[in-house]
Amino acid sequence: MKIRFYDTKEKKKTFFKPINSKDIKFYVCGPTVYERAHIGNARPAVVFDVLFRFLRQVFGKTCVTYVRNFTDIDDKINKQARDTGRSITSITDETIEWYKQDMNQLNVLEPTESPRATEYIDAMIRQIKILLNKKNAYLDDAGHVLFSVRSFPDYGLLSNRKLEEMVSGSRVAVSENKSDPLDFVLWKPSEVEDPGWDSPWGRGRPGWHIECSAMIDELIGKAFDIHGGGIDLVFPHHENEIAQSCCAYPTSGFANIWMHNGFLQIEGEKMSKSLGNFLTVQDLISSGLTGEVIRMVLMSTHYRQPLDWTHQRVAECSKILSKWRGLCAGTVASERPSPTILKALADDLNTPKAFAELHALAAAENFSDLLASAQFLGLLEQDFHDVEHKKRRLDEIDRHKIEAIINKRSAAKKTKDFTKADLIRKKMEAVGILINDQSDKTQWSLSPNFDQKKLKDL
Ligand code: AMP
Ligand code: ZN
Numbered sequence: 000m001k002i003r004f005y006d007t008k009e010k011k012k013t014f015f016k017p018i019n020s021k022d023i024k025f026y027v028c029g030p031t032v033y034e035r036a037h038i039g040n041a042r043p044a045v046v047f048d049v050l051f052r053f054l055r056q057v058f059g060k061t062c063v064t065y066v067r068n069f070t071d072i073d074d075k076i077n078k079q080a081r082d083t084g085r086s087i088t089s090i091t092d093e094t095i096e097w098y099k100q101d102m103n104q105l106n107v108l109e110p111t112e113s114p115r116a117t118e119y120i121d122a123m124i125r126q127i128k129i130l131l132n133k134k135n136a137y138l139d140d141a142g143h144v145l146f147s148v149r150s151f152p153d154y155g156l157l158s159n160r161k162l163e164e165m166v167s168g169s170r171v172a173v174s175e176n177k178s179d180p181l182d183f184v185l186w187k188p189s190e191v192e193d194p195g196w197d198s199p200w201g202r203g204r205p206g207w208h209i210e211c212s213a214m215i216d217e218l219i220g221k222a223f224d225i226h227g228g229g230i231d232l233v234f235p236h237h238e239n240e241i242a243q244s245c246c247a248y249p250t251s252g253f254a255n256i257w258m259h260n261g262f263l264q265i266e267g268e269k270m271s272k273s274l275g276n277f278l279t280v281q282d283l284i285s286s287g288l289t290g291e292v293i294r295m296v297l298m299s300t301h302y303r304q305p306l307d308w309t310h311q312r313v314a315e316c317s318k319i320l321s322k323w324r325g326l327c328a329g330t331v332a333s334e335r336p337s338p339t340i341l342k343a344l345a346d347d348l349n350t351p352k353a354f355a356e357l358h359a360l361a362a363a364e365n366f367s368d369l370l371a372s373a374q375f376l377g378l379l380e381q382d383f384h385d386v387e388h389k390k391r392r393l394d395e396i397d398r399h400k401i402e403a404i405i406n407k408r409s410a411a412k413k414t415k416d417f418t419k420a421d422l423i424r425k426k427m428e429a430v431g432i433l434i435n436d437q438s439d440k441t442q443w444s445l446s447p448n449f450d451q452k453k454l455k456d457l
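Under numbering that gives the first Met the number 0, think of the first position of the sequence shown as 0, with each following residue one higher.
Next up, the structure:
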């Protein structure tokens, strides 16, 4: 199968040639853990979960290593601890647990490894030492170790920026201690109240960028297949990761392909706390949305495009899922997803195309492939089983009742009394029974809000 992914560095789609097809490796920058994941944070988790599922399907389940870290050392976390009077570990432990639960609700598979940055401080110190020895880094008067950007000639290649433009750009803070305003922190001293680790440069803590470089080196090595993250990370975070790793290990190559997801916005506006449109995954679940509807919305736009989260789209996805669930009721899934779905994903993870193919399977009444393909994409999993479970729990009397009502409706249709047939369908839907007319028979299934008590009153 020919697979192409858009590479941010090459600025075009390139053929994916694994370094070793029996041992594919990719890394994605994970969340900084101090508050509940918002729906924007869920986008890269879902996008790269699709990549993980796809690579496992094509190359074999045991042949793919996916590492997504937790940034559990960061000044935002320290501030949260100061503001709330809580310990850093209680905040990070709780937030990591929340994140795992939320992603589980979205049917995001656990990556192969989910390292916490604080478990890799020794590896960070080792890499900083190498950079100092090679003169790619220096110690300033205030005890910071800084990376010397001008010591790496390829700096700016990923984000397509020239050094001179960066200097004049407003995003680079000028500091008195830096030899050059572009230089960034590898290690900084900690005050007594800050978290810190002993190092050759005194008690301190790492800068954010070195965390990923060190975890990558420890867990997947110096050359690997794909590095991913949100588009906001291209500069400076990923540019800095490349600079650190390629200077420490010049012949390594680091990531072969760089993949970045676009940003999510809400009803056409940037999501922000000040605009009052900030949505956490938990808010959405509590408001009654199922994880799979959220997941489907996140997959409904191509991952590189900006994604607009709107009420209308949520309603559309919810309707489509109910329809597919109805169609697949009682169906045994095929062993594999349809090749049409894999072909869509092989073209730079084209999930909207994959959804068009799911619609085509539904139209062709190929429900076994529809179910297998939807489940492969992380849909119709949880709810489907819950719903099936509820269905199994229905006693004979209930089943009898449902079938008797369906027969009444079929009789009304036969006599062309469509008003009556529609009325029966509406009443059944209100109870949570979904009806699916096929050419020769009518199938039924239960929606997640099926209410057994209401059925008794029907
Ligand atoms: P953070 O916890 O801020 O480091 O972000 C974790 C991940 O979520 C990163 O890959 C970010 O690029 C991504 N991210 C944050 N906000 C958004 C958003 N609004 N849309 C899409 N991705 C986002
Ligand atoms: Zn990173």
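We put the beta carbon where it would ideally sit given N, CA and C, even for glycine. All of these numbers come straight from a predicted model, not from anything done at the bench.
I need the straight-line Cα distance from residue i to residue j, nearest angstrom please.
i      : j      : result
Glu93  : Asp101 : 12 Å
Asp153 : Gln243 : 11 Å
Gly267 : Gly142 : 45 Å
Lys99  : Lys413 : 52 Å
Val166 : His208 : 19 Å
Lys177 : Pro188 : 15 Å
Lys1   : Pro235 : 32 Å
Asn155 : Leu232 : Looking at the sequence itself, residue 155 is Gly, so the reference to Asn does not match. If you take the alpha carbons of Gly155 and Leu232, they lie about 13 Å apart.
Tyr33  : Lys426 : 46 Å
Lys11  : Val49  : 20 Å
Asp344 : Phe4   : Just to set this straight, residue 344 is Leu in the shown sequence, not Asp. Approximately 9 Å between the Cα atoms of the pair.
Ile72  : Val63  : 28 Å
Arg335 : Ser86  : 47 Å
Asp197 : Ile219 : 26 Å
Ala353 : Leu162 : 41 Å
Gln442 : Val280 : 34 Å
Asn77  : Lys452 : 51 Å
Lys16  : Asp439 : 48 Å
Ile90  : Glu96  : 10 Å
Pro180 : Thr289 : 47 Å
Over the uninterrupted alpha helix (DSSP H) stretch that includes residue i, give me the two end residues.
i      : result
Asn132 : 120 to 132
His358 : 350 to 362
Ile405 : 395 to 413
Trp97  : 87 to 104
Asp6   : Careful: Asp6 lies outside any alpha helix (DSSP H), inside the beta strand (DSSP E) at 3 to 6.
Leu422 : 417 to 430
Thr490 : Residue 490 lies beyond the residue range present for the chain, which begins at 0 and ends at 457; the question has no answer from this structure.
Met298 : 290 to 298
Asn40  : 38 to 58
Ala141 : First-last for Ala141: undefined, no H or E at that position.
Val280 : 280 to 285
Just to check my reading of the structure: residue i and residue j have Cβ atoms closer than 8 Å, yes? What is that Cβ distance to the nearest angstrom?
i      : j      : result
Leu454 : Lys400 : 7 Å
Met298 : Gly39  : With 8 Å as the limit, Met298 and Gly39 do not qualify as a contact, their Cβ atoms being about 15 Å apart.
Gly227 : Val430 : Gly227 to Val430, Cβ: 44 Å. No contact.
Thr330 : Ser367 : 6 Å
Arg52  : Phe253 : Arg52 to Phe253, Cβ: 25 Å. No contact.
Met295 : Leu369 : Met295 to Leu369, Cβ: 14 Å. No contact.
Ala122 : Asn68  : 12 Å between Cβ atoms; not a contact.
Pro30  : Val66  : Pro30 to Val66, Cβ: 14 Å. No contact.
Ile42  : Leu306 : In the sequence under discussion, the amino acid at residue 42 is Arg, which differs from the Ile named in the question. 7 Å between Cβ atoms; contact.
Glu291 : Glu380 : 7 Å
Phe146 : Leu157 : Phe146 to Leu157, Cβ: 15 Å. No contact.
Quick one: what's residue i bridged to in DSSP?
i      : result
Pro188 : Gly203
Gly377 : Looking at the DSSP assignment, Gly377 forms no beta bridge with any residue, so it has no partner.
Ala136 : Phe146
Tyr65  : Phe25
Ser444 : Leu433
Arg115 : Phe69
Glu240 : In the DSSP output, where bridge partners are listed per residue, Glu240 has none listed.
Glu268 : Ile265
Ile256 : Ile225
Asp346 : Arg3
Tell me the residue span of the beta strand (DSSP E) that contains residue i.
i      : result
Val331 : Counting along the chain, Val331 falls outside any beta strand (DSSP E), and DSSP gives it neither H nor E.
Asp456 : Looking at the DSSP string, Asp456 is not in any beta strand (DSSP E); the run it does join, the alpha helix (DSSP H), is 451 to 456.
Gln304 : Looking at the DSSP string, Gln304 is not in any beta strand (DSSP E), and its letter there is neither H nor E.
Lys12  : 11 to 14
Could you tell me if residue i is buried or exposed, where buried requires 16 or more neighbouring beta carbons within 10 angstroms of its beta carbon?
i      : result
Ile405 : buried
Lys24  : buried
Gln311 : exposed
Asn255 : buried
Asn19  : exposed
Ile396 : exposed
Thr7   : buried
Asp282 : exposed
Using 8 Å as the limit for Cβ to Cβ distance, is residue i near chain B?
i      : result
Ala136 : Absence of chain B from the displayed structure is noted, only one protein chain being present.
Any heavy atom of the ligand PLP within a distance shorter than 7 Å of the CB on residue i?
i      : result
Phe366 : Absence of the ligand PLP from the depicted structure is noted, with the ligand AMP and the ligand ZN being the only ligands included.
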